[in-house]
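Comments concern the structure below.
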């Protein structure tokens, strides 16, 4: 057992050589029982495994454990995505070549078997054509089955190899020794078409699966495509073009018009507008000047600038997004864990049914007992391949997660995607979730227009020097109105009240709250006083600007409610979801915001621990609770909730804890996330229906249950077609989600 002080590594590795759900179960089992491995989760649809392991073993050791049973890991971290993509393309091309080759040779065998079965040379022609189908184009099934047998395990390839191998050997015997049957009064039938058509159908089904699996992860590949391969940097005082893999923190990087920003950093010179819709979802480009942050994958517009690299490689926002999508696609929904258990016992069970079928037919089959026994046993082996079962959940999950990424919903694990549609209580943080989280000036009312012209520059100068968070909002507003700061002297901050300063003429001015105005005995005219009272009732922060005698202006500052918040909350209520708002802000502000967005249940002045306790209270009442937040203070509640959703502009901790992240920080995306969950779960259920219905109906028919009723026996060739079609139908059903609106 690993020492508790050892570091736990958590990595996703691509798997090679995996062909079915039972393969996935074998890989998972082997890795789980390997010394140093804490856990292993295989995703058959993406051909990856998420492994938690200690320092007792390294990736090469993991690969060695799998190589022994015919699988492998891609452990090289350099350009891993390109290598995976290359392997997938290579595998697809091999499958395509084998499918075409098998198809060309199988067609004449099929025609002979179906229409010229009494043509004596036909058996020899079919034999010659069938040999390369089994030994060249279908070799993969027999090689894999042998490796599994050596390790006392079975998988789908075991079924294929057994069924086609038995059909071929039976036919070969009948071709070489037809008199054995003729002397007993039977016609020596051959079933080369069954063996070859089964292999062709399964190869064709696998080819379609590979193509479909590539499509399900297209959203991830699109994200990866956002990062350029090279960048221009100043190295040792010289501008050079270098691969992105060589960039280091502190490098000065040059971005020209139209280029993608390669890594995260901070602008040091120049200015431009950058399209950040990849992160924010907002179509309007954001202005970037000195000291502004820029992010990998975003697109520079017309200007050019230099910036310092601060986060490179896996640290960039884009890389973190990619990592979350990868982990989500590799994680398993609870239903998938059940499916994996079924798949792991499915193959041995089917082999048992096949042997039982053979035995029963030998006992009751009469004159054609051996022929019927062999063919029905083969048909059971063929129709029961568990591919569709293995693909049912992961293909739907992968498409759902990809669809989420396209709609600015990052899903961290499959479980949250499966549970989200059950949510009946949702808790919203106020600041940064319902509101923008940035103070802005909503109103400035001057005692007169003349005073505005005369003193606005003084107000701007004072607020520009102030370090108070609200001062930035006032400065920004005045600059937008075209004012420039005037020189001031004797600037002084007055804790808990505001600031004061003098102009060049020695006049004193103050900017602050009511206590500052009252302490200095400054008068306020009735109009401005009533305005200040009204704004306070509307949960706005009121700031006074005055000289030594009277108030010159009253300023209202607010954290504006996001435009989509009210309609999003209405949509959630229409779904029958109870909506709650929690905030650390005061009761008056909380009440005003709650009223504006239509929330009737809210709590103010709550501590971070109070939020998680409230989640527990709702869960104790049987509620499935979703928590939506953006700050470090929300992380405890996010961890406690059944479904946790972070806003993309929030803290890193909130996003790490949350199972879902709304990249655009737009509340209207949350109803979409719940709809996506409903659609994905519906897709999983439909897939499982198709996977099970084929087996529940197909296996008894293949065993010959209808023969006593109407004399029907299922040809192994038809069984192979049905098996392949079941896998294809599951994948196609999952891909239907791509076209649905959420």
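Numbering (our numbering), first residue to last: 35 to 776.
Just so it is clear, CB atoms sit at the ideal spot from N, CA and C, and this is done for glycine as well.
Note that the structure is a prediction, hence the values are computed from the model and not measured.
Ranked by Cα distance from residue 350, the first of 410, 386, 299, 270 is 299. Sequence-distant partners of residue 681 (beyond 5 residues in either direction) whose C-beta falls short of 8 angstroms from its own C-beta, in its chain, are 466, 467, 662, 663, 664, 688, 695, 696, 699. Straight through space, the alpha carbons of residue 265 and residue 272 are spaced by roughly 13 angstroms. In the same chain as residue 139, and ignoring 5 residues on each side of it, the C-beta atoms closer than 8 angstroms to its own belong to 163, 164, 166, 167, 171, 230, in chain order. Closest in C-alpha terms to residue 389, from the list 148, 618, 200, comes 200.
A check of alpha carbon separations from residue 525 across 541, 727, 549, 499 identifies 499 as the nearest. Within the DSSP bridge table, the entry for residue 51 names no partner. When rounded, the separation of the alpha-carbon atoms in residue 217 and residue 208 is 12 angstroms. In chain order, 576, 588 place their CB closer than 7 angstroms to the CB of residue 566, counting only its own chain and leaving out the 5 sequence neighbours on each side. Runs of the alpha helix (DSSP H) lying entirely within the segment 534-621, each at least 4 residues long, are 548-553, 560-571, 599-608 in chain order. Comparing alpha carbon positions, the residue from 461, 574, 683, 509 closest to residue 442 is 683. Between the alpha carbons of residue 605 and residue 437 lies a gap of roughly 20 angstroms. About 5 angstroms separates the CB atoms of residue 86 and residue 73; that is less than 8 angstroms, so the two are in contact. If the five residues before and after residue 586 are omitted, its C-beta is found closer than 7 angstroms to the C-beta atoms of 480, 481, 485, 489, 579, 580, all from its own chain and listed in chain order.
In the displayed model, residue 107 falls within a strand according to three-state DSSP. When C-beta atoms of the segment 337-349 are compared with those of the segment 292-310, three or more pairs fall below 8 angstroms, so the two segments count as touching.
Its chain contains 455 as the residues whose beta carbon lies nearer than 7 angstroms to that of residue 712, once the 5 sequence neighbours on both sides are disregarded; these appear in chain order.
For residue 330, the three-state secondary structure derived from DSSP is coil. With fewer than 16 other Cβ atoms inside 10 Å of its own Cβ, residue 641 counts as exposed.
In the three-state reduction of the DSSP assignment, residue 125 falls in the helix class, which pools H, G and I. Secondary structure in the segment 710-766: the alpha helix (DSSP H) runs of 4 residues or longer, each lying completely within the stretch, are 741-744 in chain order.
Within the same chain, Cβ atoms closer than 8 angstroms to the Cβ of residue 262 are found at 278, 293, 294, 296, the five residues on either side in sequence being excluded. When the alpha-carbon of residue 94 is set against those of 71, 75, 308, the nearest one is in 71. Taking the C-beta atoms as reference points, residue 595 is found nearer than 8 angstroms to residue 627. Note that the C-beta distance between residue 195 and residue 176 is below 8 angstroms. Counting along the chain, the unbroken alpha helix (DSSP H) around residue 498 starts and ends at 483-499. It is roughly 51 angstroms from the alpha-carbon of residue 744 to the alpha-carbon of residue 120.
Membership of residue 702 in any alpha helix (DSSP H) is not indicated, and neither H nor E is assigned to it by DSSP. For residue 268, the CB contacts under 6 angstroms within the same chain, skipping 5 residues up- and downstream, are 286 in chain order. Judged by DSSP secondary structure, residue 154 falls outside any beta strand (DSSP E) and instead within the alpha helix (DSSP H) spanning 154-166.
The straight-line gap separating the alpha-carbon atoms of residue 205 and residue 146 is approximately 14 angstroms.
Under DSSP, residue 93 takes part in no beta bridge, so it has no partner.
Around residue 226, the same chain offers 143, 160, 164, 205 as residues with beta carbons nearer than 6 angstroms, after the five sequence neighbours per side are excluded. Counting along the chain, residue 176 sits inside the alpha helix (DSSP H) bounded by residues 173-184. Looking from the CA of residue 772, the closest CA among 233, 96, 432 belongs to 432. Three or more pairs of CB atoms, one per stretch, sit closer than 8 angstroms, so the segment 41-51 contacts the segment 99-107.
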